[in-house]
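Counting with mature numbering (1 follows the signal peptide of the UniProt record, and there is no 0), you get residues -26 to -1, 1 to 287 for the letters of the sequence shown. Yeah, the Cβ is synthetic: ideal placement off N, Cα and C, and Gly gets one too.
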Amino acid sequence: MKTIKKITSVLLVLVSVGLLSSCAKQKEDKSPENSTVATTGARAEYIEVEPNVRLHITDVGDGKPVVLIHGYPLSDAMWEYQYHALVQAGYRVIGITLRGFGQSDKPYGKYNYDQFASDIKTVLDKLDIKDAAIGGHSMGGAIALHYVAKYDGAHINKLALFAAAAPCHTKKADYPYPFFTKDDITQWVNLNNSDRPALLAAIGGYFTLSATSVSPGIGAWLGSIEMQSSPYAMEQALIALRDEDLRGDLPKIKVPTLIFNAREDKIVSFALAEQMNKAIAGSVLIPFEKSGHALFIEEKDKFNEEFIKFLKK
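This is the structure:
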């Protein structure tokens, strides 16, 4: 009997040790260091560019990187129908929402092209992006142009300008190509500060080729993105659009450059695109015949096909 009790005690000890060992192993396997999900991880949706300022980004796909900068007063969400096409074509696409717009933080402070370019540089530094193409629409095109010139093409090997509000968005005595005068944009600044929906309606009247060239659903979607913007950021960005002059940046562009512009664009004249084409060595200008300023959505198939063709060169 004593022998049986002794054997039973030993077995109980062994079982206990085994269970403890098994539990310890299970805990070890479930630790973050041993978790497949944890080690794989999700890509960051926000990048901090300075204390208390985070920018929202969309980072999708794999392959050579393409960086997209939205126009005024939208966000990286505007590229919805470019993200899909570029990912399908084998690219990693990074849409950056500028401070003050969309889901990015909206601090008080500077909203000029230098600040926007600096923010883009910080994002690309932190993501360790190399040999990317950068493209921008409207004000985003001007900012992409300024980024490449200011930082000597850091992280970038190609530039795409989509209806870019560059090098100037207002007429100068020696530069008559833009549609708008300084007083025109000042009136928009004042409207922003008194009736922001009226400003968006005014811009919307110029945005497309016609009132029916995008569906009501697409129009409502774009409007919902615009209303996410900070009123202060919208004011300050309009002032930047009115006052910035990037003519000195044009000779500094040394990377292959693609220019898209609609002949009937009512916000950025085709003549302005022609001037950029002449001033940026080796650049290629592709006219769009069936769209206005919203060529990325009005002629999205042509837009995506021509852009991907440029990326593959």
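Query	Result
Taking DSSP's pairing of strands, which residues face K124 in a bridge?	DSSP output for K124 lists no bridge partner at all.
Can you tell me whether K95 is helix, strand or coil according to DSSP?	helix
In whole angstroms, give me the CA-to-CA distance for G15 and I68.	17 Å
Beta carbon of K95, beta carbon of Y125: below 7 Å?	yes
Taking 6 Å as the limit between beta carbons, can you name the residues of its chain near V41, skipping five residues before and five after?	I68, A106, I108
Between which two residues does the beta strand (DSSP E) containing K38 stretch?	38 to 43
Look at the alpha carbon of A63 and the alpha carbon of E54, and state the distance between them as a whole number of angstroms.	15 Å
Residues in its own chain within less than 7 Å of I271 by CB, not counting five upstream and five downstream?	Y55, V188, I192
Which term fits Y82, buried or exposed, when burial requires 16 or more other beta carbons within 10 angstroms of its beta carbon?	exposed
Looking at C-alpha atoms only, which residue of A175, F153, K226, A207 is the closest neighbour of E238?	F153
Closer than 6 Å by C-beta to L98: which residues in its own chain qualify, once you throw out the five before and the five after it? Chain order, please.	H129
Expressed to the nearest angstrom, what Euclidean distance is found between the alpha-carbon atoms of A18 and K80?	19 Å
Residues in its own chain within less than 8 Å of E280 by CB, not counting five upstream and five downstream?	L232, F234, I260
Should H58 be counted as a contact of the ligand HEM given a C-beta to heavy atom distance under 6 Å?	You won't find the ligand HEM in this model; it holds no ligand whatsoever.
Pick helix, strand or coil for N86, following the three-state DSSP scheme.	coil
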